[in-house]
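Colleague:
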Amino acid sequence: MKNLAYLFLIGLLISSCKSEDDDNGYTATPATLEIPALFAQLLPTPNIPQDNPLTEEGIALGRKLFFDPILSADNTLACAACHRPQQGFSDQRQFSIGIDGIAGTRNSMPLQNLAFNSSNTFNWNGSANSLEAQGLEPVTNPIEMHNTWANAASEIEAREDYRLLFEQAFGTSSIDSTLVTKAMAQFIRTLISGDSKFDRYLQEEATLTPNELNGFNVFMDESRGDCFHCHGNPNNPLWTDNIFHNNGLDAVITDRGRGDVTGDPRDFGLFKSPSLRNLAFTAPYMHDGRFATLEEVIDHYSEGLVFSETIDPLMKAIADGGVQLTPQDKADLKAFLLTLSDPSFINNPDFSPPN
Amino acid sequence: MKNALLILVLAIGFSSCSKDNDDNDIAQLVTAQLSFNHQWDGEDIDIFNSSAIQYTNANGEMVSIERLRYLISELSFEQTDGTIIDIEGYHLVDIDIQGALTFNTGIEIPAEQYTNVSFRFGFSDTANIDGAYTDLNVVNWGVPMMLGGGYHYMQMEGSFINDLNEELNYQFHTIRAAENPGENVQNTDTSFTVNLGPLNATSSGAVVVNVDLAEWYKNPNVWNLNELYTMLMPNYDAQILMSQNGPSVFTRGVELNP
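Top to bottom, those sequences are chains A and E. According to the working numbering, the first sequence is numbered sequentially starting from 1. According to the working numbering, the second sequence is numbered sequentially starting from 1001.
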């Protein structure tokens, strides 16, 4: 009995010290994110799951998988086909096209700064509660990659290069959906954009033009644009609140959005606020890509709002169509929004297809 | 040896709920915790189902509550000898986040009688430092610099029916009042302290706070939503009026399991 008690205590001690990735006794090379100084100052530390720590090998594997069409049933469509680096990891098409030539119903979301999303909701409707979970669905979605995970894993495992890379990243060449999505999530967490003109302005390394400054004031002024309540301010360099709103696009809700996930009628027609970073590269706009230009987006909030049951209470002057910006304020607001774009992000060699 | 093990295990078990006094007596501890119970005109409401237009304010306007977030800071417990136990930190109550209606401080205080429990609605000026709190930055709780920066105290939003029988959105946002918005803005601290009165915390440090939302619209200033429903942040006079109406919103509730 005494020995059993000792064993129990020793077991408790050991279990509290053991890390999750020690399951097979293998540890890859730990990696850290390159966090911009502004982010380190203003944002909580990134949200890295304990069971998927960042490693050099995991990130490299995730990058290779992200750009490889091997995950799709006919080996023609990679993640990067709909999340293109030059489009801020979004898609310039209104709807992406799956392997069977079928178009989706929502615009591809940009992938940036997702390591800092502490809301644990991903996708326009928040259907995934982690980046690892987010990676599961597109592979099997019949209008996207239209594959099975068993088939995808089997094809990857048949490749000697991948067996080696999985061995290096996770200490096993037995490949499944869990490890594939873990690797891709690691890569996606490295996609950090924090070097826009406005970031540099905040660090006194750049100056804004008078028009850009006025546009910033329109953005922050509750009596004019009042954009900041949903899309943030200089103290939130993510430029999103990561929650869900009905922003007055349609009088009749045809896409339930967040309501598809929660089943709550109060959530019908709600979609996640997208980040305003990299708008220069991520057209078209809105969850369904209905607006081709930023001018159309600004016109929507200025004169185009329509009422529906679940419209967000932050939407103002709906009967008049919106906040009624002057032509000059509209132009300046666009100029400011473009200062949030970061060419170094889309041209970062670490985020491009591997050799 | 068996006894030694037993003592070790017992010691581990008790370490989380007691502390040594100077005379080595074991003092019982309880966790300081505030729970917020929402009401309308003194009646409990289901704040998770408050988004329909169903409440009538003192001015006769029907309103809904679709979004409600407010910040609590400076929680403190006054002991019978006058010593104040200050609880560090703050809490953002948010009806859209599971569990956020409770401010579980994780701080243990002596299980005893207290002459007063108090907290501050919002931040004091000294704590209201622009950009200082990363968890508040990331949920867009900040206030524009043209209004003095810092953080909101409250965001209460929904719809109401105006005198023309139109449904309009309102944004009842409280911040420190800002005079002359812009580069020469001057702020007035409109946060306030709420005194909840004595607490018998001999078995629990949990305190229930009743939050009567109707009070924002009536005491002492009857609020006319037809006139004051939007763009209230840059409205200095509106912020002063809201601050005057705030203290009666918060009262001591009844702890079910003291």
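In this text, a Cβ means the ideal position worked out from N, Cα and C, and glycines have one as well. Note that the structure is a prediction, hence the values are computed from the model and not measured.
Using 8 Å as the threshold, is the C-beta distance between residue 184/A and residue 135/A below it?
Modeller: Here residue 184/A is near residue 135/A, since their CB atoms are less than 8 Å apart.
Colleague: Helix or strand or just coil, what does DSSP make of residue 1114/E?
Modeller: In the displayed model, residue 1114/E falls within a strand according to three-state DSSP.
Colleague: Rank 1117/E, 1127/E, 1199/E and 1234/E by C-alpha distance to the C-alpha of residue 1171/E and give the top, closest one.
Modeller: Here the closest residue by C-alpha is 1234/E.
Colleague: Can you say whether residue 86/A is buried or exposed, counting buried as having 16 or more other CB atoms within 10 angstroms of its CB?
Modeller: exposed
Colleague: Quick one: list the residues of chain A neighbouring residue 1191/E, beta-carbon separation under 7 Å, in chain order.
Modeller: Those within 7 Å of residue 1191/E in chain A number zero; the least Cβ separation is about 19 Å.
Colleague: Report the option in 63/A, 42/A, 324/A and 38/A whose CA atom is closest to the CA atom of residue 352/A.
Modeller: 63/A
Colleague: May I ask you to verify whether the stretch 202-210 of chain A touches the stretch 60-77 of chain A, counting CB pairs closer than 8 Å and requiring at least 3?
Modeller: no
Colleague: How long is the line joining the alpha carbons of residue 1187/E and residue 1150/E, rounded to whole angstroms?
Modeller: 11 Å
Colleague: Name the DSSP bridge partner or partners of residue 1090/E?
Modeller: Answer is 1073/E, bridged to residue 1090/E.
Colleague: Rounded to whole angstroms, how far is the Cβ of residue 1119/E from the Cβ of residue 1191/E, which I believe are closer than 8 Å?
Modeller: Actually they are not in contact, since the Cβ atoms of residue 1119/E and residue 1191/E sit about 10 Å apart, beyond 8 Å.
Colleague: Starting from the Cα of residue 36/A, find the closest Cα among 124/A, 238/A and 180/A and give me that residue.
Modeller: 238/A
Colleague: Under 7 Å Cβ-Cβ, which residues of chain A neighbour residue 1067/E?
Modeller: 313
Colleague: Is any beta-carbon of chain A found at less than 8 Å from that of residue 1098/E?
Modeller: no
Colleague: Name the chain A residues that come within less than 7 Å of residue 1298/E, Cβ to Cβ?
Modeller: The shown model of chain E, from 1001 to 1258, leaves out residue 1298/E, and the question about it has no answer.
Colleague: Taking Cβ positions, are residue 269/A and residue 308/A nearer each other than 8 Å?
Modeller: yes
Colleague: Identify whether residue 201/A lies in helix, strand or coil by the three-state DSSP scheme.
Modeller: DSSP, read as helix, strand or coil, puts residue 201/A in helix.
Colleague: For residue 1046/E and chain A, any beta-carbon pair shorter than 8 Å?
Modeller: With 8 Å as the cut-off, residue 1046/E does not count as an interface residue toward chain A.
Colleague: Spatial neighbours of residue 1194/E within its chain, please: CB distance less than 7 Å, with the 5 preceding and 5 following residues excluded, ordered by chain position.
Modeller: 1118, 1119, 1121, 1247 and 1250
Colleague: I'd like the ranges of any alpha helix (DSSP H) spanning at least 4 consecutive residues and lying wholly in the stretch 34-66 of chain A.
Modeller: 37-42 and 56-66
Colleague: Going by the beta-carbon positions, is the gap between residue 187/A and residue 102/A smaller than 8 Å?
Modeller: no
Colleague: Can you give the Cα-Cα distance for residue 302/A and residue 325/A, rounded to whole angstroms?
Modeller: 6 Å
Colleague: Step through the CB atoms of chain E and report whether any lies within less than 8 Å of the CB of residue 205/A.
Modeller: no
Colleague: Which residues, taken in chain order from the stretch 26-45 of chain A, show a beta carbon closer than 7 Å to some beta carbon of chain E?
Modeller: 42, 43 and 44
Colleague: Between the alpha carbons of residue 1021/E and residue 1116/E, how many angstroms are there, rounded?
Modeller: Confidence is the limiting factor: at residue 1021/E the pLDDT is only 46, short of 50, which leaves the residue's position unreliable and the question unanswerable from this model.
Colleague: In chain order, what residues of the same chain have a beta carbon less than 8 Å from the beta carbon of residue 1197/E, not counting five sequence neighbours either side?
Modeller: Apart from sequence neighbours up to five positions away, the residues of its chain that approach residue 1197/E with a beta-carbon distance below 8 Å are 1116, 1117 and 1252, ordered along the chain.
Colleague: So is residue 212/A in contact with chain E if we call contact Cβ pairs under 8 Å?
Modeller: No - not a single Cβ of chain E is within 8 Å of the one on residue 212/A.
Colleague: Is residue 1078/E helix, strand or coil by DSSP?
Modeller: strand
Colleague: Is there a Cβ from chain A that is less than 8 Å from the Cβ of residue 1093/E?
Modeller: no
Colleague: Helix, strand or coil for residue 344/A per DSSP?
Modeller: Residue 344/A falls in the helix class under three-state DSSP.
Colleague: Quick check for students: name the residue ranges of the alpha helix (DSSP H) that lie wholly in the stretch 253-312 of chain A, counting only runs of 4 or more.
Modeller: 258-262 and 294-299
Colleague: How should residue 336/A be labelled, buried or exposed, when 16 other C-beta atoms within 10 angstroms of its C-beta is the threshold for buried?
Modeller: buried
Colleague: Shorter than 8 Å from the beta carbon of residue 1139/E to some beta carbon of chain B?
Modeller: This model lacks chain B altogether, as its protein chains are A and E.
Colleague: Using three-state DSSP, classify residue 1254/E as helix, strand or coil.
Modeller: The DSSP-derived three-state label of residue 1254/E is coil.
Colleague: Assign residue 1083/E to one of two classes, buried (16 or more other C-beta atoms within 10 Å of its C-beta) or exposed (fewer than that).
Modeller: exposed
Colleague: Looking at C-beta atoms only, is the number of pairs between the stretch 226-246 of chain A and the stretch 290-298 of chain A that lie closer than 8 Å three or more?
Modeller: no
Colleague: Using a Cβ-Cβ cutoff of less than 6 Å, which residues in the same chain neighbour residue 1051/E once the five nearest sequence positions on both sides are dropped?
Modeller: 1064 and 1066
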